[in-house]
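Q: The numbering used here puts the first residue of the sequence shown at 5, with every later residue one more than the last.
Don't be surprised by glycine CBs; every beta carbon is placed ideally from N, CA and C.
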Amino acid sequence: MTEPLSNKQLLLLLIYSGFTTRQIYRLFPDFEKLVGKKHILIERLEACRDRHIQAKVNTLKTIDIHVIEQQLITQNIHAVSIDDSQYPHLLKYIYDPPPILFCRGKCQLLKHSNTLAIVGSRVHTQYTNKVLSDFMPHFAKAKLTIVSGLAKGADALAHEIAIKNGCATIGVLGFGHLHHYPRDTRYLRDEMEKYHITISEYPPFVPPAKFRFPERNRIISGLSKGVFITEAKERSGALITVDQALQQNRNVYVLPGDIYNPYTKGNLLRIQEGAEIILSEKDIMKDYCQ
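Shown next, in the form of structure tokens:
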């Protein structure tokens, strides 16, 4: 007789079959009650007439949960499900939290609640470097954990300066752990996976794709009590994270910018919309030292 599968195992089967976070929530709004057997899951899905869903059901029929679990062990990746005690508390209560987080590194960092996301443009001026170098010792003293997206530019700088000053840091990937992008941050990621942590909502084999980075950004803001934007052009991808932070009712902190500097045009626009202007680290620390 086949043993019942746990929620985590059922979720892994669905995710490895290609079901997205949105599809899982749409098809299984009562997922926390769905402890059972694989064939019951398949029967429920076969009632759906969507041909795209049926293609994924065909994959689901062929995969073995024990093979998946062994692969994750071999790849040194830990899967944390939404009902796991290790799952980040803040992230759990956003609109569409990842059902599974794939993690490599120090999983205890997922329980840190004094989290600050730092985001900005891939191309920036010395303004970003100077501000982060000045602010980070204060963040370290207050034991803040720095969250960012391991992208080239401000993200990488935030991780690097955090590590240099003794802050824990979490890198959120927009692809599975068997891939990397951009090449420039590969060494930094390797260091973070030894002493800090990288996480992804995508299974290890999923490659980078443009549409996945906005999905990644909601996790950056969802993990964090507040989001600090350093420099952002008018159409910077960092502003997607800011917009999602506002939707998630997070604090948003913005450096003031020169009206003639294209690298801070996005900052000024967000200030017009009501984001908080930051003149010193104290403007952020007031929300973390209560």
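1) For residue 211, count neighbouring Cβ atoms within 10 angstroms of its own Cβ and tell me buried if that reaches 16, exposed if not.
2) Between 149, 48, 193 and 276, which has its C-alpha nearest residue 289's C-alpha?
3) Would you list the residues sitting across from residue 133 in a DSSP beta bridge?
4) With the cut-off set at 9 Å, would you say residue 257 and residue 223 are in Cβ contact?
5) Using the Cα positions of residue 41 and residue 121, report the straight-line distance between them to the nearest angstrom.
6) Beta-carbon within less than 6 Å of residue 284's beta-carbon, same chain only, minus the 5 sequence neighbours each way: which residues are those?
7) Verify whether the separation of the beta carbon atoms of residue 201 and residue 293 is less than 9 Å.
8) Leaving aside the five residues before and after residue 238 along the sequence, list all residues of the same chain whose C-beta is less than 6 Å from its C-beta, in chain order.
9) Alpha carbon to alpha carbon, how far is residue 262 from residue 139? Give it in angstroms, no decimals.
10) Taking 6 Å as the limit between beta carbons, can you name the residues of its chain near residue 98, skipping five residues before and five after?
11) Sort 172, 47 and 156 by Cα distance to residue 147 and report the nearest one.
12) In whole angstroms, what is the alpha-carbon distance linking residue 209 and residue 183?
13) How about residue 241 and residue 265: do their beta carbons lie closer than 9 Å?
14) For residue 120, which of helix, strand or coil comes out of DSSP?
A: Taking the coordinates as given:
1) Label assigned to residue 211: exposed.
2) 149
3) In DSSP, residue 133 forms no bridge with anything.
4) no
5) 39 Å
6) none
7) no
8) 269 and 270
9) 20 Å
10) 226 and 252
11) 172
12) 7 Å
13) no
14) strand
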